[in-house]
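In the working numbering, the protein residues as written are 125 to 327. Backbone N, C-alpha and C define an ideal beta-carbon position, used for all residues, glycine too. Every value quoted in this text rests on a predicted model; they were computed, and no experiment measured them. First the structure, in the form of C-alpha cells, and then the observations on it.
In C-alpha cells form, the structure reads like this:
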C-alpha cells in the first residue's frame, strides 16, 4: 500500500480538517522566524509523507520571490550592497518570515483539506463545496497542461474558471473514510510536534 492510500484510509477528511484548525494557531502565533521555517519544512515533509505531490521548484521560486519583494524596501543593518541595491537584515528577516508563513499554510492546507470533506446542513454543504474547490485548486489539476504556467496568464485563468464551472463539486453519497485508532495517535503526535517550537520559545 502506497503512502497516498495509507493517508486516505487512515484518516477521515473531518479529522484532518480539525487537526489543521488545531495546528494553524501554532504557526500564526509563532513570532520566531527560525521556528516558523522549521514548521514550514515540517509541513512540507508531511505532504510528502502523505503522498501529496508538491513542486519543489515552484515552492522555492515563490519563497525566493517573496523574499526579493521584501528587499525592495530596505531597513535594518546593511548586509550586502550591489551598486544602489542593498540587502538589509530587517527586510531579509521579514521576507523569510512571510515566505515561510505563506508556504507553511499552503503545505498545511494540502495535508488537511481533502475533496471528500462532508458537513451536515445547508451551510455545511456550502462549506464543504468551498473546501473541495480549494482542494482542487491546491492540487494543481487544472489548465491545459495541468497548471498555470504564466506564459498566457489571462487565457490560462479563463480556461481554469471554465473548467471549474463545468466540474461537479457537489457532495457525493459515498461512504466517508473513518479515522483509525492509529490515525488519531498520529494526528495527536503531529499536532504536538507542530506546537513544539511555540512551546519551546515561551518556556
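Considering only C-alpha positions, which residue in the set 174, 164 and 213 is nearest to residue 224?
Taking the chain shown and counting its residues from 1, one reaches residue 224 at position 100. Nearest C-alpha to residue 224: 164.
Which residues in the same chain as residue 228 place their Cβ atom closer than 6 Å to its Cβ, once the five residues preceding and following it in sequence are excluded?
In the chain shown, residue 228 corresponds to position 104, counting from 1. The answer, listed in chain order, is 151, 163, 164 and 167.
Determine which residues share a DSSP beta bridge with residue 211 and list them.
On the chain shown, residue 211 is found 87 positions in, with the first residue counted as 1. Beta-bridge pairing links residue 211 to 204.
Pop quiz: residue 131 and residue 175 are said to be a contact at Cβ under 8 Å. What is the actual Cβ separation, rounded to whole angstroms?
For this step, residue 131 is matched to residue 7 along the chain shown. For this step, residue 175 is matched to residue 51 along the chain shown. Confirmed, about 6 Å.
How about residue 204 and residue 211: do their beta carbons lie closer than 8 Å?
Taking the chain shown and counting its residues from 1, one reaches residue 204 at position 80. Taking the chain shown and counting its residues from 1, one reaches residue 211 at position 87. In contact: residue 204 and residue 211 (Cβ atoms closer than 8 Å).
Does the Cβ of residue 188 have 16 or more other Cβ atoms within 10 Å, making it buried, or fewer, making it exposed?
Taking the first residue of the chain shown as 1, we reach residue 188 at position 64. Counting of Cβ neighbours within 10 angstroms places residue 188 among the exposed residues, the total staying below 16.
Under a three-way DSSP split, which group does residue 305 fall into?
For the purposes of this step, residue 305 is taken as the residue at position 181 of the chain shown. Residue 305 falls in the helix class under three-state DSSP.
Is residue 302 buried or exposed, if buried means 16 or more other CB atoms sit within 10 Å of its CB?
In the chain shown, residue 302 corresponds to position 178, counting from 1. By the neighbour-count rule (16 or more Cβ atoms within 10 Å), residue 302 is not buried but exposed.
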